[in-house]
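Chemist: Before I ask anything, let me first share the structure, which is written out below as structure tokens.
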Amino acid sequence: MERVGKTALIVEGGAMRSVFSCGVLDHFMAMDFSPFDSFWGVSAGASNLAAYLAKMPLRNKRIYLDYSLRKEFVSLSRFIRGGDMIDLDWMWEITLKELGIDKQTFDSDTRPFFLVVTNSATGQPEYLTPDSKFLAETMKASSALPILYRSGVELDNGHFVDGGVSDSIPIQEAIKRGASKIMIIRSRDKSYKKSKPKLGASYPLFLKNTPALITPMQTIYERYNQTLELIEHPPEGVQIVEVCPPDGFSLSRLTQSKGELAKAYELGVEAGKHAITAWDKESK
């Protein structure tokens with residue numbers, strides 16, 4: 290198990306809700322703020338962290354406010370016809386072609402960046418640390434929401450889906466590996482608790498080709514709420530700086546309103562200012 294240093298940054302996923310963490314990280318880049326020994330990203334949070342480590346401000350803002358709103362990305366009619374609700378293949382192809390990723394800068398940062406994925410054969414989380422050569426496909430795997438993106442992603446070491454299925458906020462793993470001062474950028478307001486999925490009984494039908502994912506999908510809410518308890522009551526010697534959207538933050542996973550997304554991004558920028566202050570205060 291790879292050990293990490295004392296300080297860690299964890300970024301939660303949440304599809305379109307992650308425009309908030311995009312704003313936070315863009316502010317961090319503007320302030321050249323990166324006092325972390327390791328980085329942990331889940332789903333869209335992993336993609337935001339990749340842009341942060343590649344030092345590409347505003348890159349992912351363009352994705353949320355432009356590419357993700359195009360008809361090619363989200364399609365209910367396509368889903369009803371048996372296709373994917375979200376077309377990650379199209380998204381990755383066009384954004385890598387038109388926006389790129391600064392591979393040289395990304396690879397020059399030697400601090401570990403863990404992308405959380407869920408193994409389709411076991412239902413368990415894995416924490417991958419790809420270099421730029423394998424970054425794009427690993428990011429796609431971490432964002433491959435079961436049911437909404439039906440096929441998942443095949444990597445050299447297995448078949449994977451969204452990391453949020455098994456470990457939405459990998460604080461326990463970060464602590465296990467040695468982190469003791471951790472910033473967590475959330476995609477939900479601080480009072481949020483996850484509910485039992487209303488359509489959980491239908492998961493066996495949708496996931497018949499990946500049965501190991503059925504129970505993890507049905508019990509996401511249990512692990513998520515247990516993680517929130519850990520954040521609220523960390524082990525002795527562990528400091529947590531939590532960065533959350535304001536109460537009442539109401540973006541949905543597939544929000545398609547450019548105005549609402551732009552507002553959420555600006556909320557992230559503002560939260561980023563307070564996050565730096567809170568981190569520096571904890572350091573004194």
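Going by our numbering, the letters in the sequence shown line up with residues 290 to 573, in that order.
Built from N, CA and C at the ideal position, the CB exists for glycine as well.
Note that this is a predicted model, so its numbers are computed, not measured.
Taking the beta strand (DSSP E) that Asn408 belongs to, which residues open and close that run?
Modeler: 402-408
Chemist: Among Tyr492, Thr566, Tyr356, which one has its Cα closest to the Cα of Lys386?
Modeler: Tyr356
Chemist: Let me know if Glu559 comes out buried or exposed under the rule of 16 or more other beta-carbons within 10 Å of its beta-carbon.
Modeler: exposed
Chemist: Can you find the residues in the same chain that come closer than 7 Å, C-beta to C-beta, to Ile352, ignoring five residues on each side of it along the sequence?
Modeler: Thr384
Chemist: For Lys483, does the three-state DSSP call read helix, strand or coil?
Modeler: coil
Chemist: Counting C-beta neighbours from all protein chains within 10 Å, is the total for Leu298 16 or more, i.e. buried, or is it exposed?
Modeler: Its Cβ being crowded by 16 or more others within 10 Å, Leu298 is buried.
Chemist: Can you give me the Cβ contacts of Leu404 inside the same chain, cut-off strictly under 6 Å, excluding the 5 residues immediately before and after it?
Modeler: These residues qualify, in order along the chain: Gly330, Ala335, Leu417, Thr427, Ser431.
Chemist: What three-state label does DSSP hand Phe449 in the structure shown?
Modeler: strand
Chemist: Do the segment 451-460 and the segment 501-521 make contact, defined as three or more Cβ pairs closer than 8 Å?
Modeler: yes
Chemist: Of all the beta strand (DSSP E) runs that stay within the bounds of the segment 320-393, which reach a length of 3 or more residues?
Modeler: 327-331
Chemist: Which residue marks the beginning of the beta strand (DSSP E) containing Gln528, and which one marks its end?
Modeler: According to the DSSP assignment, Gln528 belongs to the beta strand (DSSP E) that extends over 528-532.
Chemist: Would you call the CB atoms of Asp373 and Leu437 closer than 8 Å?
Modeler: By the CB criterion at 8 Å, Asp373 and Leu437 fall inside the cutoff.
Chemist: Have a look at Thr296, Lys295, Glu301, Asp398 and flag the residue whose alpha-carbon is nearest the alpha-carbon of Arg475.
Modeler: Glu301
Chemist: In whole angstroms, give me the CA-to-CA distance for Phe362 and Lys552.
Modeler: Taking the straight line from one Cα to the other gives about 21 Å.
Chemist: Please report the residue range of the beta strand (DSSP E) in which Leu444 lies.
Modeler: 442-444
Chemist: Looking at C-alpha atoms only, which residue of Leu365, Thr399, Met305, Tyr513 is the closest neighbour of Phe325?
Modeler: Thr399
Chemist: Helix, strand or coil: how does DSSP classify Pro500 here?
Modeler: helix
Chemist: Is Thr411 near Phe449, with beta carbons less than 8 Å apart?
Modeler: no
Chemist: I'd like to confirm the pairing. Which residues does DSSP put opposite Val300 in its beta bridges?
Modeler: Gly330, Ile474
Chemist: State the Cα-Cα distance for the pair Leu488 and His316, rounded to the nearest angstrom.
Modeler: Cα-Cα distance, rounded: 38 Å.
Chemist: By the three-class DSSP mapping on this structure, what secondary structure does Glu415 have?
Modeler: strand
Chemist: Does the separation of the CB atoms of Lys485 and Tyr513 fall below 8 Å?
Modeler: no
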